[in-house]
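S.K.: Following this message is one structure expressed as structure tokens.
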Amino acid sequence: MTGMTSQAFEGGSKRSGDVISKTSATQGTELRMWLAIAILISLAVCSAAEVAAVDEASPCSKYQLAFNHSCYEFVRLQRSFTSAQSWCERGGGHLVFIENEETQQFLQKHIAEDQEWWIGLISNSLLNETTNGSMIWLDTSNISYSNWYKDQPSPFSSTCGYILKNAKYQWGVTENCSQEFDFICEFESGQSIACDNYNATVQCGSGEVIQIGESFYGRKTPHYCVSETPLQYDPDGDCSWVSVQDEVAGQCHGLQACQVTADSTFFGDPCPAHSSYLTVQYHCKEGLQLLVTDTCFVFENITVGLNWLLSPYSGNLSCIISTGDGHTIDPYYPLTLVSNVTYRYSSPGEFTVFVECTTSEWHVTAQKRVTVQDKMDQLSITGCYSQYESGNSSHCRTLYGELLWIQVELNGGNGVTYIMLADNMTLIESSAKEGIIPHNLTLDSASQELLGPGIHQLEIRASSNTTSSEISESIAVHLVEPVSGLQAALASHTLHLGENLEINVSVSHGAPDKLKFEVIGANETQSHEEDGPRGEPRTYTVPVHSEGSFLVKVVAMNAFSNASLDLGFITVLANSSHQEDFAKEQHSSKTNAQETNGHRRKNKIYIKPSRHVDPFTSVTLGWPDNSSNFSFLWSCGACWPEWNECVQQQIILTNQTEVQIPPSCLPPPKSAVTVRVLVCNDGNEERQDEQCLYVTARQELQLEIRCEANCKPVNAREELVLRVSGQKDSQAIYYNWYLDNTFQSKSTTLPPACGLTGFRQNSLNLLQSNTSVLKMNSSFLQTQGEAFQIKVTAMTRGSYGEETFLVSTIPPPESPACAVSPKQGSVLTAFTVSCSVPCSANSCQSSRDRQLTYCFYLKPNSLLHCGPDPELFPVYLPLGEEENNFILHMTITVSNNFGDTVQTNASVKVGHAAMTDGNLTLQAIVSEKANSILKDGNNSMSLFQLYQSVTSVLNQEAQEESFNMSLQTDTRKELRGLMLTTLSAVNVTSMQIALKMSEVLKEITYRSEELSVSAQVEASNTLKDVSASLLTVNTEDSRDDQKLKDAANYLFNAVSNVLKASAEVRAANTSVLEAEQSSVSHQLLNTVENLQSALLFGKEPDDEPTVLSTPSATMYIHRLQAENMDGMSINISSSSSASFTLPPASSLSVSGVDDETVDIRMVSFAVNPFLSSDTSFDISGTVGGLSLTGLDGLIIPVSNLKENIEIMLPRLSAAQEDRILLNLDNFSTFQVNVTSENTSIVIHLECEHDIPLILYLGYGYCPNETNYDMKNHLH
């Protein structure tokens, strides 16, 4: 007999928790029961978790499913029929019996239909060889419910049953029971089977005891506990079974769990010929009820209730109670069947209350899980701190970007998690060991960027490991944005005593609480405070109580920052003074220029050497009338910091006839500033003027900025270090570092006194001077946003240079992967270009949050499209490279708004298109596609692409391409005319459209011989319109000088093409309407004038001239100061165009031109652009034109020349000349036969010596010294 042991409850030390009271006495002696029989008592409680599982979950194991008082296990192991049954038997079960529809449906829900599954069906032929092979269950019971496939099984002598695969879970039979299938085990409740030498497990739940029913040992069925070899069972042989109910009951009765071994030495051997098995039938009887609450709080009294149900009983009732937290009541003697113990836990967690009670005949255990929660129901915000101040929940603020600490505290809880949210967006997540200890939540700059500056309502949530509830509290946080972008302007620089000073103020960032205005005089300072502008520009009125000259300063302040701005000087006059309105003077001078020119020169500031200066030159401004009776007060109108500093240091004296501005007091290059003067005489008569001063410089120093610390992408919480270096052979260089405010912003508006339209003015804030290293700390970086631009300037004694550096906290975009589909097509195929950008950890987020721009190029200067969409459809592409199998290469760039650009390439095969499509001609196909494009949202870029594709075929050399030759000239003309007609309806609204349309116009007009007269008319009208659009789309907000030059060059080439076509038509003497040719001529000349005006936009005086050159025309434009015009030669090298040489400016009578700036416009045509009807004489050869204009575009008349303008026209082909030898010893005469009054005569003298000659001309007679029609001195 094997030994049987009982797993006793081990009492722990009394570590925590308190027993408050017991409702029954704890007296008597402890009763323990140790059984020394062949039963191994195994309390199915190996841990607190397993105890809870037995008590509160299903009686089935975690691998089984419960249904209808049985447990089912679906075993995905391939076994034979007998092996599968043995596997089930080792757990006390058998292959499944399906005895009703409900069980069938249950099984179907949990098995795969594509697998076979063994079930407990077998042939009854083993019981009776004479049977016809019907099927029974393994326990020999008959089938009452069936789900056969095709109704019934085949009559085999020895078959096994299974669930067929892919047959809607129907049953089948097979003779091959050794094949391996998955299988289903059934473990019946209240029954356990054990094969010989195995254990039958009998187990009840918490508080229950075992009651043994019918049990036997031996063999009742031949199908249990068999080997792989089929059992030859003889029902009449020496094999039977015996009842063992009393033996098993004696071993398991009254226990909660036990195992009984199927042992023939203990039970005897009723079936010696074959192996025996043990079957135990039992049920569970409730013996002990344990009553404990499911949840409670720490230090809350709970009741542990015991209800003993096995009455009557013999002996003493003795119990052990374990609370699961280390506290044990051992022993505990209940005096009554129902007793209570009051207890409280001192720490949170999940605990299992375990009770073991015994009598002389019973041994019962029960367990129950209790969740003890920490009491945490109050969250307090106890403080708010920044480096500037300490506050509380009602006053919590810091400078935007600086750390803010919010202190929180709970009244309980361990393992606490705090979460700070704004509109359900998590800002902070922080952990603390204990809630009762104050904890700081840090709102850093990264979290603040998610919020932005301003007042925000935040929610703080707290949860812990020891509580199930979550509590929250709210707080208002003010993130005060630093004051920046302060702008202010004085309404007037002169006012009378008693009048208030008006100042327009705006602040782009920071929302200052207060504005302080300071009016600073020589002997006194007046101060005035007002509320801030609150985001909108506002005009403030500031009283001034004294007369004199004052510096005006404005300071914008909030709680943590301020910004100041010097507005320049004002003059406060006594009440008796009367001032003429300066604007009226300007208006009257413009309306009557002839009358006021002399007066204005007397009342106008003169500037020496010029209003356009470099940063190395001293500037002198003076008043032309320096009478001793006059007093002067100089001030800046559009001020700059250096002026105010130099005035305060008395480097600039503001009360003299002339004011000297040394180079150190000038603003940095690319600045337009103004200087004002107020002139008074003894009679209180006042005169004033304001003049503009432009500071520019050529970039001669090459600079390089290197990032030495915290480089791209920049971390705004760390210091950024930049270093600049110039040429090694340069002399000492003086560096200034500036914050460039023009990055990603509109250009600064020029002062009204500055008339140079388009001048790009800097807007700089000086950061550091005279250093090659710039260090920017985290506080500065966090106030500048995601990206900003730094500019460094460098100066030597006579050279200047500058460079910019983009500081960005945003990672650059990833290089895209792009593909064109289809991979090949024709010029009429609608292709799709698709790009995808791989995401890194940082760039992916920036791509989602910030817009990227995708640009598609055929060549570096041939743009297809730019926009935010990574896909371009439809897109028409021109012919590929013929020598490369018509492969066309494309470049795609991806850029963000912060200057970062990456690119990739794609290629596609583009060949020729069919000339017809069904009944449609090529013209009809192109027209249909164009109309379709225009209907779909007027997508002009797609139209341009289509036309560029078509012209790529038309412009091929005819002798090289059979397709091109197959197109008749009329067809080609019709196509070009069709495209030009459609283009005339396109509205140019952006520089991108203007650029692409200009390129297409150049391509369509490329072959002048294929432009009909009507096409020329359409082309000239469209050229005029597009050129005029360049004057409007190239605004300050969307200005791109390079695109403007490219568009102008395309358009000028198109003008040359149309001009050539027009000349060819006139030369052919075809019968065309003169009105049409005249219209073409005028529109082309208007186009040239528009292009000149567009290219002059923003051009700085004395900059390099702009030259456009084509085979048929050449254009030259130059802007310069009037004094630099002396003897200027306008000559284009390597060109057969006209050239001009100007005399001194004084002889041109342009020295009095306003603004002292002159635009020179020259154009030269190789063919005559005029019709004969437009002129009174015949024109042949090169035609040139020169005009001088002011900044307003108006022509400056040139008359009464003191010296001639030299004009040189090239002779493209010299005809045979008649030479005459003149004898200069005396008068020599020669006769010229003039056949027409409009004929020009050119007399060319070739002299062997440089001697002065006099030429006399007479018409119809021989002239002499006294009788001549014209006389000219030749040198």
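Residue 1172 in my numbering is what sits at position 1170 of the sequence shown, and the numbering runs on without skipping anything. Ideal Cβ positions, reconstructed from N, Cα and C, are used throughout, including at glycine.
Who are the Cβ neighbours of Phe875 in its own chain at under 6 Å, not counting the five residues just before and after it?
M.R.: Against the sequence shown, residue 875 aligns to sequence position 873. Correct list, in chain order: Thr834.
S.K.: Quick check on DSSP: helix, strand or coil for Gly307?
M.R.: Residue mapping note: residue 307 aligns to position 305 of the sequence shown, counting from 1. Gly307 falls in the strand class under three-state DSSP.
S.K.: Is Arg762 helix, strand or coil by DSSP?
M.R.: For this step, residue 762 is matched to residue 760 along the sequence shown. Here Arg762 sits in coil by DSSP.
S.K.: Under three-state DSSP, which class holds Tyr1263?
M.R.: To locate residue 1263, count along the sequence shown from 1; it is residue 1261. The three-state reading of DSSP puts Tyr1263 in coil, since its state is none of H, G, I, E or B.
S.K.: Taking C-alpha atoms, which residue in Pro1146, Leu1110, Ala1115, Met1117 lies nearest to Ala1124?
M.R.: Stepping through the sequence shown from its first residue, residue 1124 is reached at position 1122. That would be Pro1146, whose Cα lies nearest to the Cα of Ala1124.
S.K.: Determine contact between the stretch 553-565 and the stretch 515-527, defined as no fewer than three beta-carbon pairs at a distance below 8 Å.
M.R.: Short answer: they touch.
S.K.: May I have the straight-line CA-CA distance separating Thr28 from Leu443, to the nearest angstrom?
M.R.: Numbered from its first residue, the sequence shown carries residue 28 at position 26. Numbered from its first residue, the sequence shown carries residue 443 at position 441. For Thr28, the predicted model reports a pLDDT of 34, less than 50, meaning its position is unreliable; a value from the coordinates is still stated below. Looking at the backbone, the Cα of Thr28 and that of Leu443 are separated by about 53 Å.
S.K.: Quick one, which of Asp327, Arg346, Tyr345, Ile323 has its alpha-carbon nearest Pro336's?
M.R.: Here residue 336 is taken as the residue at index 334 of the sequence shown, counted from 1. Looking at the Cα atoms, Ile323 is the closest of the given residues.
S.K.: For Met1210, which three-state DSSP category applies?
M.R.: Here residue 1210 refers to the residue found at position 1208 of the sequence shown. Of the three classes helix, strand and coil, the one that applies to Met1210 here is strand, per DSSP.
S.K.: Would you call the stretch 197-215 and the stretch 87-98 in contact, with 3 or more CB pairs under 8 Å?
M.R.: Yes, since at least three Cβ pairs between the stretch 197-215 and the stretch 87-98 fall closer than 8 Å, the two stretches touch.
S.K.: Does the count of Cβ pairs from the stretch 880-890 and the stretch 940-955 closer than 8 Å reach three?
M.R.: Three or more beta-carbon pairs drawn from the stretch 880-890 and the stretch 940-955 are found closer than 8 Å, and the two stretches are therefore classed as touching.
S.K.: Report the option in Glu177, Phe183, Phe83, Asn126 whose CA atom is closest to the CA atom of Asp116.
M.R.: Along the sequence shown, one-based indexing puts residue 116 at 114. For Asp116, the nearest C-alpha among the options comes from Phe183.
S.K.: Residues in the same chain with beta-carbon distance under 7 Å from His112, minus the five sequence neighbours each way, listed in chain order, please.
M.R.: Counted from its first residue, the sequence shown places residue 112 at position 110. Cβ neighbours of His112 beyond the five flanking positions: Leu67, Phe76.
S.K.: By DSSP, does Lys777 sit in helix, in strand, or in coil?
M.R.: In the sequence shown, counting from the first residue as 1, residue 777 sits at position 775. Strand.
S.K.: What residue range does the alpha helix (DSSP H) around Pro840 cover?
M.R.: As a first step, residue 840 must be located in the sequence shown, where it is residue number 838. From DSSP, Pro840 is part of no alpha helix (DSSP H); its letter is neither H nor E.
S.K.: Can you tell me whether Lys793 is buried or exposed, with buried defined as 16 or more other CB within 10 angstroms of its CB?
M.R.: Your numbering for residue 793 matches position 791 in the sequence shown. Lys793 is buried by the Cβ-count criterion.
S.K.: Could you check whether His495 and Pro1103 sit closer than 8 Å to each other, using their CB atoms as the reference points?
M.R.: If you number the sequence shown from 1, residue 1103 lands on position 1101. If you number the sequence shown from 1, residue 495 lands on position 493. Result no, Cβ atoms of Pro1103 and His495 do not sit closer than 8 Å.
S.K.: Spatial neighbours of Thr469 within its chain, please: C-beta separation below 8 Å, excluding the five flanking residues on both sides.
M.R.: For the purposes of this step, residue 469 is taken as residue 467 along the sequence shown, with counting starting at 1. Here the set comprises Pro350, Gln375, Asp376, Lys377, Met378, Gly414, Gly415.
S.K.: Per DSSP, what kind of secondary structure is Tyr949 in: helix, strand or coil?
M.R.: For the purposes of this step, residue 949 is taken as the residue at position 947 of the sequence shown. Tyr949 falls in the helix class under three-state DSSP.
S.K.: In whole angstroms, give me the CA-to-CA distance for Gly760 and Lys1101.
M.R.: Position 758 of the sequence shown, counted from the first residue, corresponds to residue 760. Position 1099 of the sequence shown, counted from the first residue, corresponds to residue 1101. Each residue's alpha carbon lies about 7 Å from the other.
S.K.: What is the rounded straight-line gap between the Cα of Gln770 and the Cα of Pro664?
M.R.: As a working mapping, residue 770 is identified with position 768 in the sequence shown. As a working mapping, residue 664 is identified with position 662 in the sequence shown. Rounded to whole angstroms, Gln770 to Pro664 spans 21 Å at the Cα level.
S.K.: Can you grab the Cα-Cα spacing for the pair Glu930 / Thr923, in whole Å?
M.R.: The count along the sequence shown starts at 1 and reaches residue 930 at position 928. The count along the sequence shown starts at 1 and reaches residue 923 at position 921. Looking at the two C-alpha atoms, the distance is approximately 10 Å.
S.K.: Give the straight-line distance between the Cα atoms of Thr1007 and Pro862, rounded to the nearest whole angstrom.
M.R.: Numbered from 1 along the sequence shown, position 1005 holds the residue referred to as residue 1007. Numbered from 1 along the sequence shown, position 860 holds the residue referred to as residue 862. Answer to the nearest angstrom: the Cα atoms are 22 Å apart.
S.K.: Expressed to the nearest angstrom, what Euclidean distance is found between the alpha-carbon atoms of Ala264 and Tyr164?
M.R.: As a first step, residue 264 is located in the sequence shown; it is residue number 262 there, counting from the start. As a first step, residue 164 is located in the sequence shown; it is residue number 162 there, counting from the start. Taking the Cα positions, Ala264 is about 29 Å away from Tyr164.
S.K.: Please report the residue range of the beta strand (DSSP E) in which Pro876 lies.
M.R.: Position 874 of the sequence shown, counting from 1, holds the residue named residue 876. Note, Pro876: beta strand (DSSP E), 873-877.
S.K.: Take Val975 as the anchor and find which of Glu644, Thr991, Glu1012, Val829 has the nearest alpha-carbon.
M.R.: The residue given as residue 975 occupies position 973 in the sequence shown. A small fix is needed here, since residue 975 is Lys in this sequence, not Val. Selected option, being the one with the closest Cα: Glu1012.
S.K.: Below 6 Å CB to CB, which residues in the same chain sit around Leu406 once its five sequence neighbours on both sides are set aside?
M.R.: Sequence index remark: in the sequence shown, residue 406 carries index 404 (1-based). For Leu406, where only same-chain residues beyond five positions count, the Cβ hits under 6 Å are Ser388, Thr400, Leu445.
S.K.: In chain order, what residues of the same chain lie with their CB nearer than 7 Å to the CB of Val1057, ignoring the 5 residues before and after it?
M.R.: Here residue 1057 refers to the residue found at position 1055 when the sequence shown is read from its first residue. Cβ within range, chain order: Leu1025, Leu1086, Thr1089, Val1090, Ala1115.
S.K.: Helix, strand or coil for His891, going by three-state DSSP, please let me know.
M.R.: Taking the first residue of the sequence shown as position 1, residue 891 is located at position 889. His891: strand per DSSP, three-state reduction.
S.K.: With distances taken from CA atoms, which of Ile439, Pro440, Lys435 is nearest Ser466?
M.R.: Here residue 466 is taken as the residue at index 464 of the sequence shown, counted from 1. Distance from the Cα of Ser466 is smallest, within the candidate group Ile439, Pro440, Lys435, for Lys435.
S.K.: Report the residue from Asp1194, Ser278, Ile1134 whose alpha carbon sits nearest the alpha carbon of Met1210.
M.R.: For the purposes of this step, residue 1210 is taken as residue 1208 along the sequence shown, with counting starting at 1. Considering only alpha carbons, the answer is Ile1134.
S.K.: Quick one: using the 10 Å Cβ neighbour count with 16 as the cut-off for buried, is Tyr1261 buried or exposed?
M.R.: In the sequence shown, residue 1261 corresponds to position 1259, counting from 1. It counts as exposed.
S.K.: Comparing C-alpha positions only, which one of Val1015, Gly215, Leu1110 sits nearest to Ala1065?
M.R.: As a first step, residue 1065 must be located in the sequence shown, where it is residue number 1063. Considering only alpha carbons, the answer is Val1015.
S.K.: Whole angstroms is fine: what's the gap from Met943's alpha carbon to Pro1107's?
M.R.: In the sequence shown, counting from the first residue as 1, residue 943 sits at position 941. In the sequence shown, counting from the first residue as 1, residue 1107 sits at position 1105. C-alpha separation (whole angstroms): 32 Å.
S.K.: Specify the secondary structure class of Arg399 as computed by DSSP and reduced to three states.
M.R.: On the sequence shown, position 397 is the one that residue 399 refers to. The answer is strand: DSSP assigns Arg399 an E or B state.
S.K.: Look up Arg678 in the DSSP assignment and say whether it is helix, strand or coil.
M.R.: Along the sequence shown, read from residue 1 onward, the residue named residue 678 stands at position 676. The answer is strand: DSSP assigns Arg678 an E or B state.
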